[in-house]
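Asker: Structure incoming, see below.
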Amino acid sequence: MTITVVGLGKIGLPLAVQFASRGHHVFGADIDAGTVDEVNRATEPFPGEAHLQQRLAAVVGGGLLTATTDTAGAVSASDVVVLVVPLFVDGEGVPDFGWMDSATGDVSRGLRPGTLVVYETTLPVGTTRTRWKPMLEQESGLREGVDFDLVFSPERVLTGRIFTDLRRYPKLIDALSPRGAERATAFYQDVLEFDERPDLERGNGVWDLGSAEAAELAKLAETTYRDVNIGLANQFGAFAARQGIDVYQVIEASNSQPYSHIHRPGIAVGGHCIPIYPRLYL
């Protein structure tokens, strides 16, 4: 296959490298010319991602990964397009789709019949169906489910260990049509490898959740669970400190039965994702 990954950030670039390492030709599209130049020189543009530099050098040197600022041109030559462009929220928690709208417009201008389009950026429920489908159809003149297939498949990885997490966790997918779901399942089975997970009744691999909305909610549910429980642990920690109680002893005691999974308290709720994604759920 020829694949375009739109957005060469901390998630997109490792994904592009992963796809290329499976023998496919990959275009990495980004609006930052500096990032594009670094990737084409086989130099990682950001530090800290395990194994990225070695794997990047191998796929660029082997002619399997090429970076470009011409997103529409790359899309027009591709069988699959995967978008991993940032979605922000403002101070009130309202999503700002500016960068994603722009990237979707670029994809639309290059979209050709037969293409599989996948969004991996975490989204509010319903966005794939009510925002991206009409935008792609209107600007391309093509029909979803007939001329192209549209899929949501949330990234579920932690920066710094992305290649490990791609193997460790099930890949959640679903599409707006049964054909799209079949194509997305086949695509991810091809470009990813999965560790054995005997703890999962369903087994590790590609999981079809039945609707794009279910896949969107799954990502928001797991991250909102994390946010709420980190906040709860921090509240227990603050209360225990005021009362002169050892909160760690309390947590150990509480977690000694199977229905309690209290986290260890820390400083606020940090990271790139957990403070943001519950806002998309709200």
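Those letters in the sequence shown? Residues 219 to 500, per the working numbering, in order.
For glycine and all other residues, C-beta sits at the position ideal for the given N, C-alpha and C.
Looking at the secondary structure, which residues open and close the alpha helix (DSSP H) in which F405 lies?
Answerer: Here the alpha helix (DSSP H) through F405 covers 396 to 409.
Asker: Is there contact between the segment 272 to 286 and the segment 387 to 401, where contact requires at least three CB pairs shorter than 8 Å?
Answerer: Segments in contact, no.
Asker: In whole angstroms, what is the alpha-carbon distance linking L270 and P232?
Answerer: Rounded to the nearest angstrom, the two C-alpha atoms are 7 Å apart.
Asker: Per DSSP, which one or two residues make a beta bridge with G246?
Answerer: In DSSP, G246 forms a bridge with V223, A285.
Asker: DSSP beta-bridge partners for D417?
Answerer: Bridge partners of D417: none, in fact.
Asker: Can the beta-carbon of D365 be found less than 7 Å from the beta-carbon of P331?
Answerer: Contact flag set, yes.
Asker: Just list the residues that DSSP pairs E362 with in beta bridges.
Answerer: Beta-bridge pairing links E362 to F366.
Asker: How is D426 classed by DSSP in three states: helix, strand or coil?
Answerer: D426: strand per DSSP, three-state reduction.
Asker: Where D297 and P372 are concerned, what is the direct C-alpha to C-alpha distance, given to the nearest angstrom?
Answerer: C-alpha separation (whole angstroms): 20 Å.
Asker: Taking buried to mean at least 16 other C-beta atoms within 10 Å of its own C-beta, is P342 buried or exposed?
Answerer: That one is buried.
Asker: What number of angstroms, rounded off, separates the C-alpha of G423 from the C-alpha of Q461?
Answerer: Rounded to whole angstroms, G423 to Q461 spans 47 Å at the Cα level.
Asker: Whose CA, out of A404, H242, E362, P493, lies closest to the CA of V278?
Answerer: When only C-alpha atoms are compared, the closest one is H242.
Asker: Could you tell me which uninterrupted beta strand (DSSP E) segments, each at least 3 residues in length, are contained entirely in the segment 423 to 496, listed from first to last along the chain?
Answerer: As far as the segment 423 to 496 is concerned, its whole beta strand (DSSP E) runs of at least 3 residues are 424 to 426.
Asker: From L418 to A251, what does the alpha carbon distance come to, in whole angstroms?
Answerer: One C-alpha to the other measures close to 43 Å.
Asker: Just to check my reading of the structure: G449 and V409 have Cβ atoms closer than 8 Å, yes? What is that Cβ distance to the nearest angstrom?
Answerer: That pair is no contact at about 36 Å.
Asker: Grab me the residues of F315's own chain with a C-beta within less than 6 Å of its C-beta, minus the 5 sequence neighbours each way, in chain order.
Answerer: There are no such residues.
Asker: For V375 and I229, I'd like the C-alpha separation in whole angstroms.
Answerer: Taking the straight line from one Cα to the other gives about 8 Å.
Asker: Can you tell me whether A430 is buried or exposed? The criterion is at least 16 other CB atoms within 10 Å of its CB, across all chains shown.
Answerer: Under this definition A430 is a buried residue.
Asker: In whole angstroms, what separates the C-alpha of E414 from that of W425?
Answerer: Cα to Cα, E414 sits roughly 14 Å from W425.
Asker: Can you tell me whether F381 is helix, strand or coil according to DSSP?
Answerer: DSSP places F381 in helix when its eight states are reduced to three.
Asker: If you count every other CB in all the chains shown that lies within 10 Å of the CB of Q356, and 16 or more means buried, which is it?
Answerer: Label assigned to Q356: exposed.
Asker: Is it true that the CB of H481 sits closer than 7 Å to the CB of A459?
Answerer: No, Cβ-Cβ distance for A459 and H481 is not below 7 Å.
Asker: When you compare only the Cα positions, how much space is there between V325 and T340?
Answerer: Straight-line Cα distance between these residues: approximately 18 Å.
Asker: In the DSSP assignment, find the alpha helix (DSSP H) that holds L500 and state where it starts and stops.
Answerer: Counting along the chain, L500 falls outside any alpha helix (DSSP H), and DSSP gives it neither H nor E.
Asker: Could you give the residue range of the beta strand (DSSP E) that holds D392?
Answerer: From DSSP, the beta strand (DSSP E) with D392 extends over 389 to 393.
Asker: Near R497, which residues of its chain fall below 6 Å by C-beta distance, leaving aside the five closest residues on each side in sequence?
Answerer: Excluding sequence neighbours, R497 sits near V307, G311.
Asker: Among D248, W317, V257, P396, which residue has its Cα nearest to the Cα of A290?
Answerer: Answer by Cα proximity: D248.
Asker: What does DSSP give as the partner residue(s) for P313 in the beta ladder?
Answerer: Paired residue(s): V307.
Asker: What residue does the alpha helix (DSSP H) around L376 start on, and which one ends it?
Answerer: Premise fails: L376 is in no alpha helix (DSSP H) and is neither H nor E.
Asker: Between I494 and the rest of its own chain, which residues show a CB-CB distance below 7 Å, the 5 nearest in sequence each way excluded?
Answerer: Excluding residues within five positions, the ones whose Cβ falls inside 7 Å are V307.
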